[in-house]
Amino acid sequence: MGNDARVTDGMHQADKSYGRFITLEGIEGSGKSTLLPYIRTFLETAGKSVVVTREPGGTPLGEEIRRLLLDPSYDSLAPSAELLMIFAARVEHLEQVIKPSLRQGRWIVCDRFTDATYVYQGEGRNIAKARIDALVDWVQGALRPDLTLIFDVPVPMGLSRVSQRGEKDRFEREEQRFFERVRNAYLMLAAEHPGRCQVVDASAPLDVVRLRVDTILRAFLHDS
Ligand code: TMP
139 MGNDARVTDG MHQADKSYGR FITLEGIEGS GKSTLLPYIR TFLETAGKSV
189 VVTREPGGTP LGEEIRRLLL DPSYDSLAPS AELLMIFAAR VEHLEQVIKP
239 SLRQGRWIVC DRFTDATYVY QGEGRNIAKA RIDALVDWVQ GALRPDLTLI
289 FDVPVPMGLS RVSQRGEKDR FEREEQRFFE RVRNAYLMLA AEHPGRCQVV
339 DASAPLDVVR LRVDTILRAF LHDS
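All residue numbers for the sequence shown refer to the working numbering, where the first residue is 139 and numbers rise by one.
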């Protein structure tokens, strides 16, 4: 079996020479991007070679797709077109960055991944889960994150943080009800995958949130 097949089979999870795949999720304004440099430093201090990346994005084509997806002038983009653009970017990201890095033993810290698709396109845009499952099956095979941190904040808190950042992107312009659905879907997803997903209460001050992240990462490093 070639290396590539082992990664897509999810076999890297059992192989110590492979890197680990950590994803950060949460609604807008949950603070995940603020914590990303901290998580990188934490893992590097533990001796890991770390690749920090994001979705949509992470490759030149993926970043172009991201720009289009976030552009408020495409406000009538069909949900299915949005979904397929996200997966087009994801294929590039998996093939060019994620799989090769894991094979080299590097640890990926990715700002959003497929969980975001289930909650934003699935629950947010009402796309049937089976359609997303089919795309996941096609482009990821059995590859899943090893650890997912879900930064949870009440929607009004997240949105008030976003409103302080300036011009809102196409997603940030959605109404509060949309984000309530997204937040609830993240919490349900965490309940469905208790082994992989860890919910972090991110409404606390940053220092407290960091300590919570510390505890989770320490336990994960211990078990990896
Ligand atoms: P960001 O705000 O975390 O940078 O992410 C950009 C937006 O992309 C965010 O509003 C959520 C959205 N998104 C999806 O709708 N589906 C996805 O699969 C991903 C990865 C992101």
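All C-beta atoms, glycine included, are put in the ideal place defined by N, C-alpha and C. All of these numbers come straight from a predicted model, not from anything done at the bench.
Terminal residues of the beta strand (DSSP E) in which residue i lies
| i | result |
| --- | --- |
| residue 260 | That residue, residue 260, is in no beta strand (DSSP E); it is neither H nor E in DSSP. |
| residue 285 | 285–290 |
| residue 313 | Segment: none, residue 313 is in no beta strand (DSSP E) and carries neither H nor E. |
| residue 160 | 159–164 |
| residue 336 | 335–339 |
Proximity below 9 angstroms, CB of residue i to CB of residue j
| i | j | result |
| --- | --- | --- |
| residue 122 | residue 348 | Nothing can be reported for residue 122, as the shown portion of the chain is limited to 139 through 362. |
| residue 273 | residue 221 | yes |
| residue 344 | residue 172 | yes |
| residue 242 | residue 157 | yes |
| residue 236 | residue 289 | no |
| residue 361 | residue 180 | no |
| residue 311 | residue 261 | no |
| residue 253 | residue 190 | no |
| residue 323 | residue 337 | no |
| residue 183 | residue 234 | no |
| residue 363 | residue 231 | Examination of residue 363 is not possible in this model, given that the chain is present from 139 through 362 alone. |
| residue 165 | residue 247 | no |
| residue 210 | residue 259 | no |
| residue 350 | residue 282 | no |
| residue 358 | residue 285 | yes |
| residue 208 | residue 227 | no |
| residue 174 | residue 308 | no |
8 angstroms contact criterion, which residue i and residue j should meet: CB distance rounded
| i | j | result |
| --- | --- | --- |
| residue 340 | residue 168 | 5 angstroms |
| residue 161 | residue 251 | 4 angstroms |
| residue 293 | residue 314 | 6 angstroms |
| residue 245 | residue 188 | 5 angstroms |
| residue 296 | residue 317 | 7 angstroms |
| residue 170 | residue 163 | 7 angstroms |
Extent of the continuous alpha helix (DSSP H) run through residue i
| i | result |
| --- | --- |
| residue 197 | No alpha helix (DSSP H) holds residue 197; DSSP gives it neither H nor E. |
| residue 181 | 170–183 |
| residue 345 | 344–361 |
| residue 299 | 293–301 |
Hey, which residues come within less than 5 angstroms of the ligand TMP, measuring from Cβ to any heavy atom, in chain order?
-> 193, 224, 250, 254, 255, 258, 309
At 3 residues or longer, and completely inside the region 221–284: list those beta strand (DSSP E) runs for me, N to C.
-> 245–249
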